[in-house]
Amino acid sequence: MSTHQNAAAPVSKLGYVEFTTPDPERLVDYYRTVLGFHVEESSPEEAYLTTDFDHHSVVIRKGGAAARSTVGYQVAGSLDDAHKRLAGAGYEVSRRSDIAPSTPDVLVLAEPGSGVPLHLYDTQSTSANTIPGPAHRPTKLGHVAAFVPSLDEIQGFYQDLLGFRWSDTIGDFFVFLRCNADHHAANFMASHKYQGMHHIAYEMRDPNHLIAMLDHLAKHDYRLHWGPGRHGAGHNLFTYHRDPDGHVIELFTQLDVVHDEAKGYWEPRPWHEEYPMYPKTWQVDLAAVNHWGPIDPPSLDH
Ligand SMILES: [Fe+2]
Numbered sequence: 001m002s003t004h005q006n007a008a009a010p011v012s013k014l015g016y017v018e019f020t021t022p023d024p025e026r027l028v029d030y031y032r033t034v035l036g037f038h039v040e041e042s043s044p045e046e047a048y049l050t051t052d053f054d055h056h057s058v059v060i061r062k063g064g065a066a067a068r069s070t071v072g073y074q075v076a077g078s079l080d081d082a083h084k085r086l087a088g089a090g091y092e093v094s095r096r097s098d099i100a101p102s103t104p105d106v107l108v109l110a111e112p113g114s115g116v117p118l119h120l121y122d123t124q125s126t127s128a129n130t131i132p133g134p135a136h137r138p139t140k141l142g143h144v145a146a147f148v149p150s151l152d153e154i155q156g157f158y159q160d161l162l163g164f165r166w167s168d169t170i171g172d173f174f175v176f177l178r179c180n181a182d183h184h185a186a187n188f189m190a191s192h193k194y195q196g197m198h199h200i201a202y203e204m205r206d207p208n209h210l211i212a213m214l215d216h217l218a219k220h221d222y223r224l225h226w227g228p229g230r231h232g233a234g235h236n237l238f239t240y241h242r243d244p245d246g247h248v249i250e251l252f253t254q255l256d257v258v259h260d261e262a263k264g265y266w267e268p269r270p271w272h273e274e275y276p277m278y279p280k281t282w283q284v285d286l287a288a289v290n291h292w293g294p295i296d297p298p299s300l301d302h
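Quick note on the working numbering: the sequence shown kicks off at 1 and runs consecutively.
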């Protein structure tokens with residue numbers, strides 16, 4: 001365990017992301033029919049959806065169109081300790097039992113810079129979902145990327161207080177942070193122009209699983225606007241399309257993983273530029289953004 005984790009509330013998993021939408025029925029239908037999620041609970045006002053045995057990994061709520069309106073992270077340690085550390089660092093933290101029946105004990109605090117509510121919990125009840133679901137269903141919620149005013153501030157918070165580790169930075173504006181073996185669960189782009197979500201990403205099992213999903217998307221008239229390609233940072237094979245509310249959805253596979261935090265390099269892969277491949281700061285070019293080309297300029301607009 002790194003010193004960061006010892007000093008912090010050790011987040012170990014991205015648990016769920018919430019979207020608000022003027023048309024919950026349309027968005028739930030997209031998640032259920034197109035992405036193959038299981039709807040665990042739903043009402044006209046809110047829906048809880050999952051890819052696996054967790055009660056939910058996506059929450060859809062009626063409201064103005066906003067992605068990443070809340071993010072939930074699971075902590076590996078004690079919630080009491082997390083509460084003390086965050087409150088001790090000066091954050092206003094409330095402890096709630098009414099967030100959802102599946103998460104009876106949740107710390108709520110505002111993410112610095114964005115003000116987005118973060119939920120920290122240690123247990124989430126399991127779903128009635130039967131695994132496997134539809135063959136094209138993603139394996140899990142992978143990561144969420146968002147605009148923030150300052151990388152220094154957000155890295156200080158996520159690394160020093162939530163126990164995330166630095167994975168890569170592109171230029172001086174796009175940082176990737178991990179909370180477990182996966183290269184990133186959180187991704188932040190510095191911007192004074194934009195706020196809100198940049199994209200959200202779901203993991204596919206392997207390239208064939210991703211291809212099966214792309215065929216399924218096409219049958220439902222969802223077309224890619226970027227990819228397939230291979231990112232440099234994270235080295236994941238990626239595709240991007242938009243959900244019915246216009247939010248960018250990434251489907252990816254073959255993301256870098258670190259099995260040994262003490263050694264700190266990514267498990268070697270034939271597409272790596274260096275052996276061993278360590279976290280690094282990348283130039284803003286094809287090597288960092290898309291090995292296969294081209295760069296999608298709007299994806300770097302900040
Ligand atoms: Fe991504």
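We put the beta carbon where it would ideally sit given N, CA and C, even for glycine. Just so you know, these numbers come straight off a predicted model, no measurement behind them.
Same chain, Cβ closer than 6 Å to residue i, neighbours up to 5 away in sequence not counted
i: D256; result: H183, G234, H235, W266
i: H291; result: R230
i: V289; result: I295
i: A190; result: L151, F173
i: R205; result: T139
i: H247; result: A67
i: V301; result: Per the sequence shown, the amino acid found at residue 301 is Asp instead of Val. Nothing listed; no residue qualifies.
i: F164; result: Y158, L177, C179
Counterpart residues of residue i in DSSP-defined beta bridges
i: I249; result: I200, H241
i: W226; result: Y240
i: A173; result: For the record, residue 173 in the displayed sequence is Phe; it is not Ala. Beta-bridge pairing links F173 to no other residue.
i: Y73; result: L14, L120
i: F147; result: M189, G196
i: I60; result: F19, A47
i: A100; result: T103
i: L141; result: Y202
i: R165; result: R178
i: M277; result: W266
i: H55; result: In the DSSP output, where bridge partners are listed per residue, H55 has none listed.
i: A66; result: T20
i: E25; result: The partner list for E25 (beta bridge, DSSP) is empty, contrary to what the question assumes.
i: V284; result: DSSP, once it has assigned bridges, lists no residue as partnering V284.
Beta-carbon proximity of residue i to residue j, cut-off 9 Å
i: L237; j: P207; result: yes
i: S102; j: Y31; result: no
i: Y222; j: V34; result: yes
i: V93; j: I99; result: no
i: L82; j: S12; result: Per the sequence shown, residue 82 should be read as Ala rather than Leu. Cβ atoms of A82 and S12: not closer than 9 Å.
i: P270; j: M277; result: no
i: A181; j: V258; result: yes
i: R61; j: E45; result: yes
i: H216; j: H136; result: yes
i: G133; j: F53; result: no
i: F310; j: H198; result: Any question about residue 310 goes unanswered here, given that the chain covers just 1 to 302.
i: D23; j: D245; result: yes
i: A110; j: L120; result: no
i: D79; j: D122; result: It should be noted that the sequence gives Leu, not Asp, for residue 79. Yes, the Cβ-Cβ distance between L79 and D122 is below 9 Å.
Whole-number beta carbon distance between residue j and residue i, since they are thought to touch under 8 Å
i: N72; j: G156; result: According to the sequence provided, residue 72 is Gly. The question's Asn does not apply to it. About 21 Å separates the two Cβ atoms, so there is no contact after all.
i: L214; j: T239; result: 6 Å
i: E153; j: G113; result: 5 Å
i: T21; j: G63; result: 7 Å
i: A8; j: R85; result: 7 Å
i: T130; j: W282; result: In fact, because the Cβ distance is near 41 Å, the residues do not count as touching under 8 Å.
Cβ-based neighbour list, residue i, same chain, cut-off 7 Å, excluding 5 preceding and 5 following
i: S167; result: F176, L177, R178, H183, H184, P279
i: V17; result: V58, R68, V71, L141, V144, I200
i: H293; result: One detail in the question is off: residue 293 reads as Gly in this sequence, not His. Correct list, in chain order: L286.
i: T3; result: Residue placement at T3 is poorly supported in this model, since its pLDDT is 42, which falls under 50; the coordinates still yield a value, given next. Excluding positions up to five away in sequence, the list is empty.
Own chain, CB closer than 8 Å to residue i, minus 5 neighbours either side, in chain order
i: S127; result: H38, E40, T50, D52, F53, D54, H55, H56
i: V284; result: I170, G171, L300
i: S97; result: P104, D105, V106
Practice task
Name all residues in chain order for which at least one heavy atom of ligand 1 lies closer than 7 Å to the residue's CB.
Solution key: H143, A145, N187, H199, A201, F238, E250, F252
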